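First residue of the sequence shown: 3, per the working numbering; consecutive thereafter.
Positions of the beta carbon are idealized from the N, C-alpha and C atoms, including for glycine.
A quick note: this is a predicted structure, and the numbers were derived from the prediction, not measured.
A short worksheet on the structure shown next.
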Amino acid sequence: MTWFKHRTWITEMRLLILVFCWVLLPTTSLLAFEEQVLEFVPDTEGGTPVRFVYTGANFDPALDVFIGGQSISAEEQEFVELFKSFHEANVAGDKSSILGVWQPKDRNDVEALMDPESLADNKARFQIVKGLRLKTIMEFGAHYICYVEFEFDGYGKRVQIYPVTRVNEQLFLSNGLLGDYFTSVIAGNLDKSNHLRNQ
Numbered sequence: 003m004t005w006f007k008h009r010t011w012i013t014e015m016r017l018l019i020l021v022f023c024w025v026l027l028p029t030t031s032l033l034a035f036e037e038q039v040l041e042f043v044p045d046t047e048g049g050t051p052v053r054f055v056y057t058g059a060n061f062d063p064a065l066d067v068f069i070g071g072q073s074i075s076a077e078e079q080e081f082v083e084l085f086k087s088f089h090e091a092n093v094a095g096d097k098s099s100i101l102g103v104w105q106p107k108d109r110n111d112v113e114a115l116m117d118p119e120s121l122a123d124n125k126a127r128f129q130i131v132k133g134l135r136l137k138t139i140m141e142f143g144a145h146y147i148c149y150v151e152f153e154f155d156g157y158g159k160r161v162q163i164y165p166v167t168r169v170n171e172q173l174f175l176s177n178g179l180l181g182d183y184f185t186s187v188i189a190g191n192l193d194k195s196n197h198l199r200n201q
């Protein structure tokens with residue numbers, strides 16, 4: 003107690019600076035994302051738009067999953083690596099590797115869908131993917147809704163959404179949003195023009 007009673011104003015100022023600096027440091031991965039705005043204008047007449055606000059990241063240009071060396075944060079690189087592993091596992095058609103990118107509690111349900119015919123069809127589909135790009139990450143509860151653009155050889159481009167969650171500091175694909183109204187009805191239609199526009 004004596005130390006506290008006799009500390010000088012200089013010591014107090016140093017303590018204040020240390021506390022201030024500690025508060026400014028990011029404490030969780032969620033703090034790396036910022037508020038984003040999507041703006042929708044009537045197709046036929048223009049005028050007042052509807053604005054949709056979310057916390058996340060919008061990448062323009064989109065992050066190329068196949069090409070390394072991009073200037074992105076460590077957190078964003080985690081997502082790129084997850085979808086790179088996801089693609090590689092499906093191209094190989096390896097059951098255990100595919101299950102490995104899913105969160106542990108979903109694996110039994112996913113495995114139940116993996117009959118030999120489905121695995122073969124899935125493998126063939128992924129083998130014609132010539133481009134894979136992460137366009138947007140949107141925070142939603144304990145999940146991140148990821149918009150991923152697939153470019154297929156001979157079939158053009160298509161954007162898919164994938165819920166992702168963090169388990170023991172590691173990212174996994176998740177079925178945790180199955181049946182969720184926002185995810186199934188709204189989120190899947192936000193990218194109808196094949197891009198998300200950040201204002």
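Through-space distance from residue j to residue i, alpha-carbon basis
i	j	result
Phe-35	Ala-94	33 angstroms
Phe-152	Phe-142	22 angstroms
Tyr-146	Pro-118	30 angstroms
Gly-178	Pro-165	8 angstroms
Phe-184	Gly-190	8 angstroms
Leu-175	Lys-159	21 angstroms
Gln-129	Asn-60	27 angstroms
Ser-87	Arg-109	16 angstroms
Asn-92	Leu-101	10 angstroms
Cys-172	Gly-48	The question names Cys, yet the displayed sequence has Gln at residue 172. Gln-172 and Gly-48: Cα-Cα distance of roughly 43 angstroms.
Ser-99	Lys-132	20 angstroms
Leu-136	Asp-66	7 angstroms
Leu-17	Phe-154	Here the model assigns Leu-17 a pLDDT of 31, short of 50, so the residue's position is not dependable, and the following value carries that caveat. Cα to Cα, Leu-17 sits roughly 57 angstroms from Phe-154.
Ala-76	Leu-40	25 angstroms
Thr-138	Ile-74	13 angstroms
Val-43	Phe-54	12 angstroms
Gln-72	Val-150	17 angstroms
Ala-144	Val-161	22 angstroms
N-terminal and C-terminal residue of the alpha helix (DSSP H) that residue i is part of
i	result
Glu-78	76-94
Val-112	109-113
Gly-102	97-102
Paired residues, beta bridge with residue i - DSSP
i	result
Ser-159	Note on residue identity: the sequence assigns Lys, not Ser, to residue 159. Paired residues: Glu-153.
Ala-122	In DSSP, Ala-122 forms no bridge with anything.
Gly-58	Glu-36 and Met-140
Glu-171	Glu-171 pairs with nothing; no bridge assigned.
Arg-127	DSSP, once it has assigned bridges, lists no residue as partnering Arg-127.
Tyr-146	Glu-141 and Val-166
Phe-42	Val-52
Gly-133	Glu-153
Leu-65	Leu-136
Residue burial classification, residue i (beta-carbon count within 10 angstroms, cutoff 16)
i	result
Asp-193	buried
Ile-69	exposed
Met-15	Residue confidence is low: Met-15 scores 35 on pLDDT, short of 50, so the model does not pin down where it sits. Its coordinate-derived value is still stated next. It counts as exposed.
Ile-188	exposed
Cys-126	Looking at the sequence provided, one finds Ala at residue 126 rather than Cys. Ala-126 is exposed by the Cβ-count criterion.
Phe-81	buried
Phe-114	According to the sequence provided, residue 114 is Ala. The question's Phe does not apply to it. Classification of Ala-114: exposed, given that the 10 Å Cβ count is below 16.
Leu-180	exposed
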